[in-house]
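K.L.:
Heads up: the sequence lines are chains A and B, in that order. For the record, in the first sequence the residue sitting at position 241 is 230 according to the numbering used here, with numbers rising by one throughout. Positions in the second sequence are counted from 1; adding 781 to them yields the numbering used here. We put the CB at the ideal spot given by N, CA and C, even for glycine. This one's a predicted model, so the numbers in the text were calculated from it and none came from an experiment.
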Amino acid sequence: MTDFFQYLINGVLVGLLYAMIALGFIVIYRAGRILNLAQGEVVVFGGFIVWTFIAGASLSLWIALPLSLLSVLVIGFLVERGIFRPMIGQSIFANVMITVGLMVLMRGVMLVIWGADAQSFPAIFSLKAIEIGPLSFTRSLFIGGIIALGVFAAIHWVFEKTRWGLRLTTVAEDHVVAQSMGISVKRSIAIAWAIGFVLSTLAAVTFLSGQSINFLVSEIGLRALPVALLAGLESIWGAALAGIIIGVGEAMAAAYLDEYTMGAMSEAFPFVIMLIILLVRPQGLFGWKIIERI
Amino acid sequence: MAILPCGVHSTTYSQDKAFIRTRAQWACLIGFLVLLFALPLFIGTRMLSILIVMAITVVAVVGLQITVGLTGQINLGQSAFMGMGAFTAASLSANFHLPFWLAIPAGGLGGALLGAIFGIPALRVKGFYLALTTIAAQILFPLLIMRLPSGWFGGANGMGLSPAKIGGFVFQTEKSLYYLIMGTTVIMIAFAFNLTRSRVGRALMAVRDNDIVSEIMGINLFTYKTLSFGIGSLFAGVAGGLWAYYIRYVMVDQFNLWFSVWYLGMIIVGGVGSIFGAILGTVFLRSLQELITIAGPLLTELFPQMGGGAVWFSGMNIILGAVIILFLIFEPRGLAHRWNVIKHSFRIWPYPYF
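(1) Using beta carbons (cut-off 8 Å, strictly below), is V31(A) in contact with chain B?
(2) Starting from the beta carbon of I234(A), find every residue of chain B whose beta carbon is closer than 7 Å, and list them in chain order.
(3) List the residues of chain A whose Cβ lies closer than 9 Å to the Cβ of R983(B), in chain order.
(4) Is the distance from the Cβ of I847(B) to the Cβ of I1012(B) below 8 Å?
(5) Using a Cβ cut-off of 7 Å, pull out every chain A residue sitting near T914(B), in sequence order please.
(6) Using 10 angstroms around the beta-carbon of I1123(B), count the other beta-carbons present and answer buried if the total reaches 16, otherwise exposed.
(7) For V994(B) and chain A, any beta-carbon pair shorter than 8 Å?
(8) Where does F1003(B) land, buried or exposed, given buried means 16+ other C-beta within 10 angstroms?
(9) Under 7 Å between beta-carbons, which chain A residues line up against Y1027(B)? List them in chain order, please.
(10) Using a Cβ cut-off of 8 Å (strictly closer), state whether A1117(B) contacts chain A.
(11) Below 8 Å on C-beta distance, what does I10(A) contact in chain E?
(12) Could you name the residues of the segment 852 to 873 of chain B whose beta carbon sits closer than 9 Å to any beta carbon of chain A, in the order they occur along the chain?
(13) Take P886(B) as the anchor and find which of G1018(B), I1028(B) and F1065(B) has the nearest alpha-carbon.
(14) Give the residues of chain A in contact with Y910(B), contact being defined as C-beta atoms less than 9 Å apart.
(15) Whose C-alpha, out of I266(A), S125(A) and E239(A), is nearest the C-alpha of T(-9)(A)?
(16) Can you list the residues of chain B that G97(A) reaches, using a CB-CB cut of under 8 Å?
(17) How many whole angstroms separate the CB atoms of F(-7)(A) and I202(A), which I take to be in contact at a CB cut-off of 8 Å?
(18) Is it true that the CB of V1031(B) sits closer than 8 Å to the CB of G900(B)?
(19) State buried or exposed for N876(B), treating a residue as buried only when at least 16 other CB atoms are found within 10 Å of its CB.
(20) Report the rounded CA-to-CA distance for I283(A) versus D992(B), giving the unit in angstroms.
(21) Chain B partners of V16(A), CB-CB under 7 Å?
(22) Taking 6 Å as the limit between beta carbons, can you name the residues of its chain near K798(B), skipping five residues before and five after?
(23) Secondary structure at G941(B), three-state DSSP: helix, strand or coil?
(24) Can you tell me whether W807(B) is buried or exposed, with buried defined as 16 or more other CB within 10 angstroms of its CB?
(25) Which bits of chain A does I1106(B) rub up against, with CB to CB less than 8 Å?
(26) Over what stretch of residues does the beta strand (DSSP E) that includes A118(A) continue unbroken?
(27) Find the nearest neighbour of L845(B) within the set L832(B), T1063(B) and G941(B), judged by alpha-carbon distance.
(28) Using 8 Å for Cβ pairs, my map puts I1105(B) next to M86(A). What's the rounded Cβ distance?
(29) For P75(A), go through chain B and note every residue whose CB falls closer than 9 Å to its CB, in chain order.
(30) Could you pull the start and end residues of the alpha helix (DSSP H) that T127(A) belongs to?
(31) So, is T869(B) buried or exposed, given that buried needs 16 or more other C-beta atoms within 10 angstroms?
(32) Against chain A, does A917(B) count as a neighbour if the rule is that its beta carbon must be under 8 Å from one of theirs?
(33) Verify whether the separation of the beta carbon atoms of L6(A) and T190(A) is less than 8 Å.
(34) Which of the three DSSP states, helix, strand or coil, is assigned to V68(A)?
(35) Is A937(B) buried or exposed, if buried means 16 or more other CB atoms sit within 10 Å of its CB?
(36) Check the Cβ of I81(A) against every Cβ in chain B and list those closer than 7 Å, keeping chain order.
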């Protein structure tokens, strides 16, 4: 029974991290209706920026983190301005493909700047385990989970309670309505990209602390896709719940099913869920819009 | 609106549908085919292998063009469907000793089956949601192949197969493989071109242009969307079968998401919706790739301070990404459109436009 709770809580914590990466997707999707397939690359890119400031320039965390967040904020603006602004009003196919192009481009840039070798990411939280009764967790996962909840609360508050965030929510609901109320859709999309980049960097810091980083880590973006989809691509707290569902499901599959399937079940689980969701309820658990069906 | 060569008029419907309208066009086509099949007499093994890989890629990309360009269904799993074809052909050849002329079509059917299964969600979702189901196919495919009993598809180690053989002749040299693969490629391309002017091809284009309208006009969406994925991945499966007989060792790593991305990149560069564009795009991007592979070591010698060959090699990703983005922003209709513009201005010369 202890084992079960151990798996359960680990699943919840990992799920919250997935949810935090998925939140980057969601913020960007809400504004521009662009599904950013390059999200994993954005996460790793942010991670590398933090790594450069901490390990490369040997700054302390409290200077390095704001500096890196500021840099990715600027890069987020630039990416929107240079690549996604010209695509407003283009077909869905073009918009999907341009994120694929961004994915390839960012991967190439990371390979050229930081190389293909794995670098060790500084341990921001101590690696000692936290023990509660018979259960023990990795400290970075535990703190990461708490940070994720904090970020979710903050983003929810910004988008639902502040005037500035409500503008972004209006844009998320309808571009034409937002524009006619005097809200600049273009500027909102740019802000969403900047927020998306910052969130991804925060997720990278909590996720990578004490681990190794190279361009292959960007697979995490593909694993966060099912979370965003299950949540419904628009809902903020929905992402947290979906993350927990996927995380727990994955942990349980790893614990109880993997011995029969040679490790395949836990890897396949999120994508099987994604296929089922796409077939049964394409708008996800908490999506706003009924997806057009044919 | 296509402008025909001077003095060519259509008086019947079948004339209007024909691709080749003049004697000069026939001469060009036949001349090109003769050149294509005479090439191995003049060029070396290295060039031949480049051309062979290009021909295999053309088959896969033309198939992708049928799904993506003709029918408008986004497909990010073409490489998995190609892998299915390769593994089916390899398995049938190694376990059941099927001759290659049965194993390659069977590989095509294997790819078509997998593609059609993952194309079924196209009936319920469209746009980027469809991109997601095909990404799921791409991710689930290696997991499936590696976990199936290793007797079936070789598991994680991959699978070797003996060379293609007909009568006493063994396709082992690059030259003989070139004829086998280029011949198949020409047949597949002819099939694709003819598909675009058949009833099925026109139905697929109607689905792309507006699926509700096409359903009202009596086109069964389920049939035609599944069919489009089926035909597209049939091409991928045939390409996979050819690949299996060319490399003679198939592994799941040869069919990852990045190849699917490359294939889509080729379609964008070539021009979405045009079979000819798919060929142009493949030739363009594959040549660029080979150029960097050749130029990389040279550049490393010239600029040693830039780091080893790996830098130039990874620079390929930057170029592919930049090419995709630039084409989408500045020339969404691709090289095929440029080609048409050149053709038109040649035909209406000396007038600037009509």
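P.N.:
To lay it out plainly:
(1) Start at 1 with the first residue of the first sequence, and residue 31(A) comes out as number 42. So, not an interface residue.
(2) Residue 234(A) sits at position 245 when you count from the first residue of the first sequence. Within 7 Å Cβ-Cβ: nothing; I234(A) doesn't reach chain B, min ~17 Å.
(3) Along the second sequence, read from residue 1 onward, the residue named residue 983(B) stands at position 202. Within chain A, no residue has its beta carbon less than 9 Å from that of R983(B); the closest one is some 19 Å off.
(4) Mapped onto the second sequence, residue 847(B) falls at position 66. Mapped onto the second sequence, residue 1012(B) falls at position 231. For I847(B) and I1012(B), yes; Cβs fall inside 8 Å.
(5) By one-based count along the second sequence, residue 914(B) stands at place 133. Chain order gives the chain A residues near T914(B) as L264 and L267, where near means a beta carbon separation below 7 Å.
(6) On the second sequence, residue 1123(B) is found 342 positions in, with the first residue counted as 1. The residue in question, I1123(B), is exposed, as its Cβ has fewer than 16 Cβ neighbours within 10 Å.
(7) What you label residue 994(B) is simply residue 213 of the second sequence in a count that begins at 1. V994(B) does not count as touching chain A.
(8) Taking the second sequence and counting its residues from 1, the one referred to as residue 1003(B) is at position 222. Exposed, because fewer than 16 other Cβ atoms sit within 10 Å of the Cβ of F1003(B).
(9) By one-based count along the second sequence, residue 1027(B) stands at place 246. Within 7 Å Cβ-Cβ: nothing; Y1027(B) doesn't reach chain A, min ~26 Å.
(10) Counted from its first residue, the second sequence places residue 1117(B) at position 336. For A1117(B), the closest Cβ of chain A is not nearer than 8 Å.
(11) Looking for chain E here will not work: the only protein chains present are A and B.
(12) G853, I855 and L857
(13) Residue numbering aside, residue 886(B) sits at position 105 when the second sequence is read from its first letter. Of the candidates G1018(B), I1028(B) and F1065(B), the one whose C-alpha sits nearest the C-alpha of P886(B) is G1018(B).
(14) Position 129 of the second sequence, counted from the first residue, corresponds to residue 910(B). Here the neighbours are L24, L218, L267, P271 and I280.
(15) Against the first sequence, residue -9(A) aligns to sequence position 2. Looking only at I266(A), S125(A) and E239(A), the smallest Cα-Cα distance to T(-9)(A) is reached by S125(A).
(16) Within the first sequence, the letter at position 108 stands for residue 97(A). Going along chain B in sequence order, the residues near G97(A) (Cβ under 8 Å) are S1095, G1096, M1097, N1098, I1099, I1100, L1101 and G1102.
(17) Your numbering for residue -7(A) matches position 4 in the first sequence. Your numbering for residue 202(A) matches position 213 in the first sequence. With 8 Å as the limit, F(-7)(A) and I202(A) do not qualify as a contact, their Cβ atoms being about 32 Å apart.
(18) Position 119 of the second sequence, counted from the start, is the residue given in the question as residue 900(B). Position 250 of the second sequence, counted from the start, is the residue given in the question as residue 1031(B). No. Outside cutoff.
(19) Locating residue 876(B) in the second sequence gives position 95, counting from the first residue. The residue in question, N876(B), is exposed, as its Cβ has fewer than 16 Cβ neighbours within 10 Å.
(20) Along the first sequence, one-based indexing puts residue 283(A) at 294. Along the second sequence, one-based indexing puts residue 992(B) at 211. Low confidence applies here, because I283(A) scores a pLDDT of 48, under 50, leaving its location unreliable and the question unanswered by this model.
(21) For the purposes of this step, residue 16(A) is taken as residue 27 along the first sequence, with counting starting at 1. Going along chain B, no residue has its Cβ under 7 Å from V16(A), so there is no contact; the nearest lies around 17 Å.
(22) Sequence index remark: in the second sequence, residue 798(B) carries index 17 (1-based). So the list reads R978, once near-sequence residues are dropped.
(23) Translated into the one-based positions of the second sequence, residue 941(B) becomes position 160. It is a strand residue.
(24) Working through the second sequence from its first residue, we reach residue 807(B) at position 26. Answer is exposed; the Cβ neighbour count stays below 16.
(25) As a working note, residue 1106(B) is residue 325 in the second sequence. Neighbours of I1106(B) on chain A, chain order: I72, I87, G90, L91 and L94.
(26) For the purposes of this step, residue 118(A) is taken as residue 129 along the first sequence, with counting starting at 1. Note, A118(A): beta strand (DSSP E), A118 to I121.
(27) Here residue 845(B) refers to the residue found at position 64 when the second sequence is read from its first residue. The residue with the shortest Cα to Cα distance from L845(B) is T1063(B).
(28) Translated into positions along the second sequence, residue 1105(B) becomes position 324. Translated into positions along the first sequence, residue 86(A) becomes position 97. Confirmed, Cβ separation roughly 7 Å.
(29) Taking the first residue of the first sequence as position 1, residue 75(A) is located at position 86. Within 9 Å Cβ-Cβ: L1109, I1110 and F1111.
(30) Taking the first residue of the first sequence as position 1, residue 127(A) is located at position 138. Segment L124 to T127 is the beta strand (DSSP E) holding T127(A); no alpha helix (DSSP H) there.
(31) Your numbering for residue 869(B) matches position 88 in the second sequence. Flag for T869(B) reads buried.
(32) Here residue 917(B) is taken as the residue at index 136 of the second sequence, counted from 1. It does; some Cβ of chain A falls within 8 Å.
(33) Residue numbering aside, residue 6(A) sits at position 17 when the first sequence is read from its first letter. Residue numbering aside, residue 190(A) sits at position 201 when the first sequence is read from its first letter. Taking the C-beta atoms as reference points, T190(A) is found no nearer than 8 Å to L6(A).
(34) One-based indexing of the first sequence puts residue 68(A) at position 79. Helix at V68(A).
(35) Position 156 of the second sequence, counting from 1, holds the residue named residue 937(B). So A937(B) ends up on the exposed side.
(36) Residue 81(A) sits at position 92 when you count from the first residue of the first sequence. Those are G908 and F909, listed as they occur along chain B.
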